[in-house]
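I have placed the structure first, in the form of structure tokens, so that the comments after it can refer back to it.
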Amino acid sequence: MLLGWDASLWAFVAGACVVAGVVRGFTGFGFPLIVVTASSLVIAPAEIVPIALLLDILAGLRLLPHVRADVDRRGATLLILSAAPMIPIGAYLLASIDPDVMRLAIGIMVLIAVIALARGLALSRPPNAPLLSLTGVVAGFLSGVAGMPGPPVILLYLSSPLPVATLRATAIAFFLFTDVVALLAMSYYGLIGVELLWRAAVLAPLVEVAVFAGRKLYGVAEPSMVKQAALVLLALLAASAIARSMF
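Going from the sequence shown to the numbering used here is simple: count from 1 and add 35.
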């Protein structure tokens with residue numbers, strides 16, 4: 036037993052973090068999505084969400100300097116401004132809402148959107164201000180309540196004609212902001228303790244190596260692979276969230 040977790044639990048969470056780190060480095064998103072969805076199979080969301088956010092901040096700080104020039108600054112600004120007030124609301128509900136209800140709602144929403152994109156749904160032009168703001172509101176709420184701001188933002192940019200590099204860079208910038216705000220809100224509501232911080236510290240070196248590997252993989256991959264990987268990842272995680280909420 037180490038910091039309240041037995042060896043099998045450490046192995047499970049560490050494995051999820053390694054996979055999530057590679058995906059984060061490659062696509063620019065997905066770390067909390069993978070870690071929270073996978074780890075929620077064995078521990079409560081309130082126990083893993085803050086750890087996932089802490090580790091995702093480290094990943095974002097590592098990746099942002101390499102993609103700064105590709106960030107959609109207008110889009111990122113609108114997303115951030117609309118997400119900010121919703122994050123504390125979601126964090127407040129994290130401690131009281133039924134986690135199975137939240138998993139089911141997120142899973143259904145994401146799966147419907149993935150199917151629509153796979154069938155060819157696409158924007159004819161870059162997203163406008165109202166659409167960006169609405170997406171930010173939803174992403175902010177999901178960031179606070181589940182540590183998962185990714186689905187609405189990624190789905191929006193996947194459906195737009197903007198380059199894959201812009202999708203990846205804007206996601207990295209936006210998620211760094213939402214992670215920090217969500218973590219502050221969770222700290223305020225008493226969801227972060229010393230033991231949790233030590234667990235994150237133990238996992239951090241693994242995540243660092245995994246993110247580095249994912250970033251190197253992105254450098255040699257075709258842009259279309261990033262979009263395909265993002266859609267497949269979202270579909271798998273949506274299905275997992277739905278299954279977890281029902282069984």
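Cβ coordinates follow ideal geometry from the N, Cα and C atoms, glycine included.
Since the model is a prediction, treat every value here as computed from it, not as a measurement.
Item, Value
"If distances are taken between C-alpha atoms only, which option among Met36, Ser194, Trp233 and Ala206 comes closest to Arg315?", "Given a span of 36 to 282 for the chain in the structure shown, any question on residue 315 remains unanswerable."
"Just confirm the distance between the C-beta atoms of Leu146 and Val180, as a whole number of angstroms; I'd bet it's less than 8 Å.", "Actually they are not in contact, since the Cβ atoms of Leu146 and Val180 sit about 18 Å apart, beyond 8 Å."
"With which residues is Leu37 paired in a DSSP beta bridge?", "Trp40"
"Please name the residue in Thr213, Ala111 and Gly155 whose C-alpha comes closest to that of Leu166.", "Ala111"
"Grab the span of the alpha helix (DSSP H) containing Asp178 for me, first residue to last.", "Rather than Asp, the amino acid found at residue 178 in this sequence is Ser. Run containing Ser178: Ala164 to Ala181, per the alpha helix (DSSP H) assignment."
"Buried or exposed: Tyr192, going by 16 or more other Cβ atoms within 10 Å of its Cβ?", "buried"
"What whole-angstrom Cβ distance do Val149 and Ala273 have, given they're in contact under 8 Å?", "6 Å"
"By the DSSP assignment, the alpha helix (DSSP H) with Gly125 in it spans what residues?", "Met121 to Leu129"
"When you compare only the Cα positions, how much space is there between Ala239 and Phe209?", "21 Å"
"Tell me the DSSP secondary structure of Pro198 in three-state form.", "coil"
"Is it buried or exposed, Arg154, if we count other Cβ atoms within 10 angstroms and call 16 or more buried?", "exposed"
"Are the CB atoms of Gly171 and Leu226 within a distance shorter than 8 Å?", "no"
"Starting from Ser117 and walking both ways along the alpha helix (DSSP H), at which residues does that stretch end?", "Arg108 to Ala118"
"Indicate whether Leu156 and Leu266 have their beta-carbon atoms separated by less than 8 Å.", "no"
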